[in-house]
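Undergrad: Residue numbers (this note's numbering): 78 to 487.
Written out as structure tokens, the structure reads:
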């Protein structure tokens, strides 16, 4: 790697590690004239999971981790509160969101009559409202972590967003009888008395209402939430087959449009809409993920056209007050139509070793970007008596055969 940055990669093993060494030719200096960066070496290790990374920091084997799985929050907090703990935790705003996406494309990825019937159901606002009423969000939150740290979230903008307006939220709370009534209005009945609703009309008449729910192997909380929804939605007659998948498999399915439902951990566009404003409405062919466009024009519903109109105005608006007003309109339409099914909201934790200095207090783990891009790594330093053994000491990055080496005659 040829770079003018503070660190240069000297060793890389796929799915194992990356070692970066200090660039001795880096141009920047600190206020005393000392050349940056301070650190001699950075090691990136591939963790087995988010939980594994958190445990590594708690044990002192790693220096930084983004706390994003609520099921380990209690243990992480307990460990960090110990006087001799190697790490400290700071919490950001409520932007750690989990929910369920329904594939609402009318034709992209549709292969047979069953797919057509599923997509038609998912595109019906009454069905999505039934799912919202069938979801015990508070129960899921308390099952994952007792106390107020996790709470119900209906979808849309995150409460931690600077442009969130609580008055804009339309919420359909947990109510099994209402969910059953809405499903009955859609003509769904248990015609064979097996506890699962059936389609009663069309090519799928008589078939059980069975959906595939995808969860991420890399985000353990999505699996935990998926398991809870299997039971909760089963109570209203909807059978869910939970399918934990790898990130690559999920990407392939998204690109092909061949999936039913997916438990998600939300991205930053619903925390800072202006940062990725073309991702919060169907303005591009690939966004939102649950309503992609295939080879034929996308079939937008009236509320989606309204979201597009508001979002287009928002993207061009520079006045903060007007932007917030537009997002209030947006969020009302989004939550009123259950564009996706929100489940719970929490906070990301910045899990950082105590030996790192020059990291701003209160740094959020994830807002505009992740920690490693939000801090200035070249300014981070560690006291001499707390420094750890280097893996590749005294190694300077070289570039044999590169254009730059040839230019200087090497």
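From the three backbone atoms N, C-alpha and C, an ideal C-beta is built for every residue, glycine too.
#1: Can you have a look at residue 67 and say buried or exposed, based on whether 16 or more other CB atoms are within 10 angstroms of its CB?
#2: Report all residues from its chain with a CB closer than 6 Å to the CB of residue 387; omit the five preceding and five following residues, and keep chain order.
#3: Would you kindly work out how many angstroms separate the C-alpha atoms of residue 157 and residue 164, rounded to a whole number?
#4: Output needed for residue 455: all residues of its chain with C-beta closer than 6 Å, excluding positions within five of it in sequence on either side, in chain order.
#5: Any contact between the region 266-283 and the region 294-314? By contact I mean 3 or more CB pairs, one from each, below 8 Å.
#6: Would you check if the distance between the CB atom of residue 444 and the CB atom of residue 172 is smaller than 8 Å?
#7: Residue ranges of each beta strand (DSSP E) run of no fewer than 3 residues wholly in the region 381-468, ordered along the chain?
#8: Using 8 Å as the Cβ pair cut-off and three pairs as the minimum, do the region 379-397 and the region 207-223 touch?
#9: Express the C-alpha separation of residue 220 and residue 421 in angstroms, rounding to a whole number.
#10: Of the residues 325, 333, 334, 294, which one's Cα is nearest the Cα of residue 319?
#11: Under 8 Å, do residue 369 and residue 185 count as touching if we go by C-beta distance?
#12: What's the C-alpha gap between residue 303 and residue 207?
#13: DSSP three-state call for residue 167: helix, strand or coil?
#14: Mind checking which residues open and close the beta strand (DSSP E) that includes residue 322?
#15: Identify which residue in 227, 378, 116, 323 has its Cα closest to the Cα of residue 459.
#16: Starting from the C-beta of residue 134, find all residues in its chain whose C-beta is less than 6 Å away, skip the five residues before and the five after it, and write them out in chain order.
#17: Can you pull the DSSP bridge partners for residue 176?
#18: For the candidate residues 400, 183, 190, whose alpha-carbon lies nearest to that of residue 373?
TA: To lay it out plainly:
#1: Outside the shown range of the chain, which is 78 to 487, sits residue 67, and nothing can be said about it.
#2: Position 310 of the chain shown, counted from the first residue, corresponds to residue 387. Here the set comprises 403, 406, 407.
#3: As a first step, residue 157 is located in the chain shown; it is residue number 80 there, counting from the start. As a first step, residue 164 is located in the chain shown; it is residue number 87 there, counting from the start. Distance between the alpha carbons of residue 157 and residue 164: 6 Å.
#4: Counting from 1 along the chain shown, the entry for residue 455 is found at position 378. The beta carbon of residue 455 lies closer than 6 Å to those of 83, 113, 114 in the same chain, with the five residues before and after it left out.
#5: yes
#6: Start at 1 with the first residue of the chain shown, and residue 444 comes out as number 367. Start at 1 with the first residue of the chain shown, and residue 172 comes out as number 95. Yes, the Cβ-Cβ distance between residue 444 and residue 172 is below 8 Å.
#7: 418-423, 426-430
#8: With the rule of 3 Cβ pairs closer than 8 Å, the region 379-397 does not count as touching the region 207-223.
#9: Here the question's residue 421 lines up with position 344 in the chain shown. Here the question's residue 220 lines up with position 143 in the chain shown. About 11 Å.
#10: For this step, residue 319 is matched to residue 242 along the chain shown. The shortest C-alpha separation from residue 319 is found at 294.
#11: One-based indexing of the chain shown puts residue 369 at position 292. One-based indexing of the chain shown puts residue 185 at position 108. Yes, Cβ-Cβ distance for residue 369 and residue 185 is below 8 Å.
#12: Your numbering for residue 303 matches position 226 in the chain shown. Your numbering for residue 207 matches position 130 in the chain shown. The alpha-carbon atoms of residue 303 and residue 207 are separated by roughly 17 Å.
#13: If you number the chain shown from 1, residue 167 lands on position 90. Strand at residue 167.
#14: For the purposes of this step, residue 322 is identified with residue 245 of the chain shown, where counting begins at 1. Residue 322 -> beta strand (DSSP E) spans 316-322.
#15: Start at 1 with the first residue of the chain shown, and residue 459 comes out as number 382. Its Cα nearest to that of residue 459, the residue 116 stands out among 227, 378, 116, 323.
#16: Reading the chain shown from its first residue, position 57 is the one you call residue 134. Counting only Cβ-Cβ distances below 6 Å, and skipping sequence neighbours, we find 142, 164, 428.
#17: Locating residue 176 in the chain shown gives position 99, counting from the first residue. Partner(s): 341, 419.
#18: Translated into positions along the chain shown, residue 373 becomes position 296. Closest option to residue 373, Cα to Cα, is 183.
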